[in-house]
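Participant:
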Amino acid sequence: MKDTCDSLGMELCSGHVALDKDFEDTMRQAVESGQEYVICSSLPSNGQNIDNYKKVAEAFNKAGESCKNLGLKFGYHNHEYEFESDKGEVLYDVLMDNTDPDLVHMELDLGWVVVAEKDPLHYFKKYPKRFPLWHLKDMNMHEKISTEFGKGGLDIANMMKHKSDSGVKHIFIEQEEYASTPMESMKHNMNYLKTL
1180 MKDTCDSLGM ELCSGHVALD KDFEDTMRQA VESGQEYVIC SSLPSNGQNI
1230 DNYKKVAEAF NKAGESCKNL GLKFGYHNHE YEFESDKGEV LYDVLMDNTD
1280 PDLVHMELDL GWVVVAEKDP LHYFKKYPKR FPLWHLKDMN MHEKISTEFG
1330 KGGLDIANMM KHKSDSGVKH IFIEQEEYAS TPMESMKHNM NYLKTL
């Protein structure tokens, strides 16, 4: 992967990983590939409750410390389910409140936030500068699938106006379902961004 990126004049900024028994090897490979961020893309334990999210936060803090010792930054990529509640508390907030900002860097998937009927701007305000990575993804709110920019429920123009509040450094355009082809969708998305 690193050789391919180097040949294209690109940098491998981050990668999605699992926090599992192979995490030591995952970190080693991330260092070798020149990655800055190692992003966990699923919870390492099950349970949509406060106790599990506190347990996950503890595991994330430990992983973050291990990554920091190697010059890496550990983070987490959300989905929709983290915004469910337990005992009146939003589970994503439990995760945020119990992770060390210096050790756990969030990759906020803006599409899943709005599908969960939450406002990304609320999170930018409540947890300023905690989101160095974004997945910029517009979502069809009825079908809960991704769509081309401007066709879904994410106010992309407003998100871009509040980049500094979030602390974002890298924005990844993400789309998983397409009206025609991936390349046509990407052309649309890039042209849409140029209008902002």
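Be aware that the sequence shown starts at 1180, since it is given in this note's numbering, and climbs by one per residue.
Every residue gets a Cβ at the ideal spot worked out from N, C-alpha and C, and that includes glycine.
None of these values were measured; they are calculated from a predicted model.
With a threshold of 16 other CB atoms inside 10 Å of the CB of G1451, please say whether the residue is buried or exposed.
Facilitator: Residue 1451 lies beyond the residue range present for the chain, which begins at 1180 and ends at 1375; the question has no answer from this structure.
Participant: Roughly how many angstroms lie between the CA atoms of M1275 and G1188, to the nearest whole one?
Facilitator: If I take the Cα positions, the gap works out to 35 Å.
Participant: My output table needs one value for K1316: the three-state DSSP class, helix, strand or coil.
Facilitator: K1316: coil per DSSP, three-state reduction.
Participant: Within 10 angstroms of its Cβ, does E1237 collect 16 or more other Cβ (buried), or is it exposed?
Facilitator: E1237 is exposed by the Cβ-count criterion.
Participant: By the 10 Å Cβ neighbour count, where 16 or more other Cβ atoms means buried, how is M1318 classified, buried or exposed?
Facilitator: It counts as buried.
Participant: Please report the residue range of the beta strand (DSSP E) in which H1367 lies.
Facilitator: Counting along the chain, H1367 falls outside any beta strand (DSSP E), though it belongs to the alpha helix (DSSP H) covering P1361 to K1373.
Participant: How far does the alpha helix (DSSP H) with K1233 in it reach, from first residue to last?
Facilitator: Per DSSP, K1233 belongs to the alpha helix (DSSP H) from I1229 to N1248.
Participant: Can you name the residues that DSSP bridges to L1287?
Facilitator: In DSSP, L1287 forms a bridge with W1313.
Participant: Thinking C-beta only, is E1327 closer than 7 Å to S1364?
Facilitator: Yes, they are a contact pair.
Participant: Three-state secondary structure (DSSP) at F1351?
Facilitator: Here F1351 sits in strand by DSSP.
Participant: Going by CA-CA distance only, name the one from L1312, M1338, P1280 and E1190 that's closest to S1220.
Facilitator: Measuring from the Cα of S1220, the nearest candidate turns out to be L1312.
Participant: Would you decide whether D1143 is buried or exposed? Buried here means 16 or more other CB atoms lie within 10 Å of its CB.
Facilitator: The requested residue 1143 is not part of the displayed model; the chain covers only 1180 to 1375.
Participant: Is D1265 helix, strand or coil by DSSP?
Facilitator: The answer is strand: DSSP assigns D1265 an E or B state.
Participant: Suppose the cutoff is 7 Å on Cβ atoms and the five residues either side in sequence are ignored; what does the same chain contact list for Y1232 look like?
Facilitator: Contacts found: L1270, V1273 and L1274.
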